[in-house]
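*Asks:* Pasting a structure below so you can have a look.
In our numbering, the protein residues as written are 10 to 457.
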């Protein structure tokens, strides 16, 4: 079969060949080409040293010990993706691993076979040369056809080299809808505790990729059944078997996974919040007259979710997003509520999180076996749109601290803030009062 390759890829292949070197497309790019799916990352391997590659591509960069030279798309006439990085790595034959994370030293290999031998899974150990000849020493194409994830060589060795490969196996299965070959799966179960040697940043990145995959539920179930999940998110395992109130047809674990699957957002942070939205139900469960309740589970859950997100090394912004979404996911709406109530809701959730909160509610509903939406949710969204046109913060008021100090001849201090908060409370209840004339008059009254 003939593959259609992008211009920058052709340029790398032809330039390397003209320079007298071997060069192959490798890894996920070849896998995606064979699966006829869009290819995002283009990686190459060659017998040229990094210094030789840089002579052929003067605008490239090389600042690592793994023999990888990077070239920005703009230097390859890639007008659509000028900042995309194309990576060319010298054949490698890695030495011993002692920490289950990285090789002690990296040695250059002598052939494409050496390079493919060190790769993680057979479906990623396929190479394609400039003439579109396929190099496939580990029958990766057969595994692609059979939809199987299989370790290259001995699975125990592969996972001992880099324990993150256990999560990568599960992630590829979740992304591609593949099953994990029996010996590879048994090896994950055997070596699951080695995941503790991996940095939380790497664990986080793989975990989020699983969450946004097409088969995310299968991925989470595999993390649980192999024993990996208990080392990275034991709080979630605690939801297994926790029955809910009579209007719920699933236990908390099943409801949570169904909610993740149903989540309309592809934002990994939103998916993470959905995964943790009921995380505190095991601690708050009470059986009152044969009715199970979880009062304030969202309050405790927000704290637990914040701790988990911190452990996963999320940014401060993303930690706060997760906290907010879990904390307020139990919001209620009735058409009798006032506009001030809607504005308070928006202020609590934050304008930037409103769509995410609605997506979480939709996921929560679908994960409970309910319809996607309801008249209440639709009406709430309409009222939110209306109130977004109205004042929400002190910065939106017609007067500010400077006006207060000038009018009352005050110096900066707590009294100014107290007056501003009083004015804001009035404007929030009645936005029509947000005029300079009215507010400056109130400033004088408040001083008196």
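Yeah, the Cβ is synthetic: ideal placement off N, Cα and C, and Gly gets one too. Since the structure is predicted, the reported quantities are computational estimates derived from the model, not experimental observations.
1. Among 152, 101 and 278, whose alpha-carbon lies nearest the alpha-carbon of residue 324?
2. Which ranges would you report for the beta strand (DSSP E) in the stretch 263-335 if only whole runs of at least 3 residues count?
3. Mapping DSSP to helix, strand and coil, what is residue 79?
4. To which residues of the same chain is residue 184 closer than 6 Å at the C-beta, ignoring the five residues directly before and after it?
5. For the beta strand (DSSP E) containing residue 54, list its first residue and its last residue.
6. Tell me the rounded alpha-carbon separation between residue 252 and residue 376.
7. Could you tell me whether the stretch 302-316 touches the stretch 406-423, where touching means 3 or more Cβ pairs closer than 8 Å?
8. Roughly how many whole angstroms lie between the Cα atoms of residue 334 and residue 174?
9. Within 10 angstroms of its Cβ, does residue 262 collect 16 or more other Cβ (buried), or is it exposed?
10. Since residue 53 contacts residue 39 with CB under 8 Å, what's their CB separation in whole angstroms?
11. Tell me whether residue 130 sits in a helix, a strand or coil according to DSSP, three-state version.
12. Run the CB neighbour count on residue 446, radius 10 Å, all protein chains shown included, and call it buried at 16 or more, exposed below.
13. Using beta-carbon positions only, say whether residue 71 and residue 78 come within less than 9 Å of one another.
14. Identify whether residue 447 lies in helix, strand or coil by the three-state DSSP scheme.
15. Compare the C-alpha of residue 313 against each of 17, 337, 339 and 285 and name the closest.
16. Return the CA-CA distance between residue 378 and residue 245, expressed in angstroms with no decimal places.
17. Residue 200: which of 181, 216 and 176 sits nearest, CA to CA?
18. To the nearest angstrom, how far is it from the Cα of residue 69 to the Cα of residue 37?
19. If you compare alpha carbons, which of 59, 126, 381 and 350 is closest to residue 393?
20. Using only the alpha-carbon positions, how far apart do residue 129 and residue 318 sit?
21. What's the gap between the Cα of residue 265 and the Cα of residue 372?
22. Shortest alpha-carbon distance to residue 153 belongs to which of 239, 165, 187 and 137?
23. Over the uninterrupted alpha helix (DSSP H) stretch that includes residue 384, give me the two end residues.
24. Determine the DSSP secondary structure at residue 72, reduced to helix, strand or coil.
25. What does the alpha-carbon distance come out to for the pair residue 132 and residue 191?
26. Suppose contacts are defined by Cβ-Cβ distances below 9 Å. Is residue 3 in contact with residue 13 by that definition?
27. Please classify residue 388 as buried or exposed, where buried requires at least 16 other C-beta atoms within 10 Å of its C-beta.
*Replies:* Put simply:
1. Along the chain shown, one-based indexing puts residue 324 at 315. The residue with the shortest Cα to Cα distance from residue 324 is 278.
2. Restricting attention to beta strand (DSSP E) runs no shorter than 3 residues, the stretch 263-335 encloses them at 295-297 and 300-302, ordered along the chain.
3. For the purposes of this step, residue 79 is taken as residue 70 along the chain shown, with counting starting at 1. Residue 79 falls in the strand class under three-state DSSP.
4. The count along the chain shown starts at 1 and reaches residue 184 at position 175. Answer for residue 184: 222, listed in chain order.
5. Translated into the one-based positions of the chain shown, residue 54 becomes position 45. Residues 52-55.
6. Here the question's residue 252 lines up with position 243 in the chain shown. Here the question's residue 376 lines up with position 367 in the chain shown. Distance between the alpha carbons of residue 252 and residue 376: 14 Å.
7. No: the two stretches stay apart, fewer than three of their Cβ pairs being nearer than 8 Å.
8. If you number the chain shown from 1, residue 334 lands on position 325. If you number the chain shown from 1, residue 174 lands on position 165. About 31 Å.
9. Counting from 1 along the chain shown, the entry for residue 262 is found at position 253. Classification of residue 262: buried, given that the 10 Å Cβ count is 16 or more.
10. Taking the chain shown and counting its residues from 1, the one referred to as residue 53 is at position 44. Taking the chain shown and counting its residues from 1, the one referred to as residue 39 is at position 30. With a Cβ gap of about 11 Å, residue 53 and residue 39 do not count as contacting.
11. As a working note, residue 130 is residue 121 in the chain shown. In the structure shown, residue 130 sits in a strand (DSSP, three-state: E or B).
12. By one-based count along the chain shown, residue 446 stands at place 437. Exposed.
13. Your numbering for residue 71 matches position 62 in the chain shown. Your numbering for residue 78 matches position 69 in the chain shown. Yes, the Cβ-Cβ distance between residue 71 and residue 78 is below 9 Å.
14. The residue labelled residue 447 in the question sits at position 438 within the chain shown. Looking at residue 447 - three-state DSSP - the assignment turns out to be helix.
15. Position 304 of the chain shown, counting from 1, holds the residue named residue 313. Nearest of 17, 337, 339 and 285 to residue 313, Cα basis: 285.
16. Your numbering for residue 378 matches position 369 in the chain shown. Your numbering for residue 245 matches position 236 in the chain shown. Using only the alpha carbons, I get a separation of about 20 Å.
17. Counted from its first residue, the chain shown places residue 200 at position 191. Nearest option by C-alpha distance: 176.
18. Taking the chain shown and counting its residues from 1, the one referred to as residue 69 is at position 60. Taking the chain shown and counting its residues from 1, the one referred to as residue 37 is at position 28. Each residue's Cα considered, the two are about 22 Å apart.
19. Numbered from 1 along the chain shown, position 384 holds the residue referred to as residue 393. The residue with the shortest Cα to Cα distance from residue 393 is 350.
20. Taking the chain shown and counting its residues from 1, the one referred to as residue 129 is at position 120. Taking the chain shown and counting its residues from 1, the one referred to as residue 318 is at position 309. Near 28 Å, if we compare the C-alpha coordinates of residue 318 and residue 129.
21. Position 256 of the chain shown, counted from the start, is the residue given in the question as residue 265. Position 363 of the chain shown, counted from the start, is the residue given in the question as residue 372. Their Cα atoms are separated by approximately 9 Å.
22. Here residue 153 corresponds to residue number 144 of the chain shown, with the count starting at 1. With distances taken between Cα atoms, residue 153 lies closest to 187.
23. What you label residue 384 is simply residue 375 of the chain shown in a count that begins at 1. Taken as a continuous stretch (DSSP letters only), the alpha helix (DSSP H) holding residue 384 covers 384-396.
24. In the chain shown, counting from the first residue as 1, residue 72 sits at position 63. DSSP places residue 72 in coil when its eight states are reduced to three.
25. By one-based count along the chain shown, residue 132 stands at place 123. By one-based count along the chain shown, residue 191 stands at place 182. If you take the alpha carbons of residue 132 and residue 191, they lie about 16 Å apart.
26. The structure shown does not extend to residue 3, since the chain is modelled only from 10 to 457, so the question has no answer here.
27. Working through the chain shown from its first residue, we reach residue 388 at position 379. Result: exposed.
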